[in-house]
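Reviewing the structure listed below.
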Amino acid sequence: MGVLLAFILADGIAIALGSWITTIIPFLYLKLVSGAIFIMYGVYTFIHKEEDEKKSKSYTQPFISAFFLIFLTEWGDKTQIVAALFATTYSPYLVFIGTITALALLSGTAIIFGKMISNKLQRKTLDFIAGIVFIILGISFLLL
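7 is the number of the first residue of the sequence shown in this note's numbering; add one for each residue after it.
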């Protein structure tokens, strides 16, 4: 639900504003912030301890983590820019519905496969793989 809410807000705002956001904030800055957030999240994954997880009894943590990670890194993403560009030509309502439907299906698929994989691998292995993937994605944002 956090992922979906982040997509609804980030892409909804982009669609409502068209491509205006990239005239205010240069694409390079959006890319640099996204890359830095991915790298920081990857490093956090390496240093995150299981004790920290046990101390947190909040059931909202996955919602909040998913929301903020997606919301902050979605700005300037190709999907968001394409949705904003489509909204300048087509009905913003239909673009919004199509964009959110596609992102919900992709995210749902990723969550289901992630759950299946997590049942087969140990938490330390998953954290290590996730940390590496986030850092690689962050570096690719910075370099490409």
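For every residue, glycine included, the Cβ atom is placed at its ideal position computed from N, Cα and C. This structure is a prediction, so every number in the text was calculated from the model and none was measured.
query	result
Which complete beta strand (DSSP E) runs does the segment 35-114 hold, if anything under 3 residues is left out?	none
Given a cut-off of 8 Å, decide if residue 7 and residue 102 are closer than it, judged by their beta-carbon atoms.	no
Whose CA, out of 126, 89, 122, 125, lies closest to the CA of residue 180?	Any property of residue 180 remains undetermined from this structure, which presents the chain solely from 7 to 150.
Evaluate residue 40 with the Cβ neighbour count: other Cβ atoms within 10 Å of its Cβ, from every protein chain shown; 16 or more gives buried, anything less gives exposed.	buried
Whose C-beta lies closer than 6 Å to the C-beta of residue 140 among residues of the same chain, with five residues either side of it excluded?	44, 47, 48
Let me make sure I understand the geometry here. Which of 87, 121, 118, 122 has the alpha-carbon closest to that of residue 105?	87
Taking the straight line between their C-alpha atoms, what separation do you get for residue 138 and residue 21?	32 Å
My output table needs one value for residue 126: the three-state DSSP class, helix, strand or coil.	coil
So, helix, strand or coil for residue 135, using DSSP?	helix
Determine whether the beta carbon atoms of residue 144 and residue 42 lie at a separation below 8 Å.	yes
Here's the rule I'm using: 16 or more other beta-carbon atoms within 10 Å means buried, otherwise exposed. How should residue 149 be labelled?	exposed
Using only alpha-carbon positions, find the residue among 116, 91, 73, 51 that is nearest to residue 130.	51
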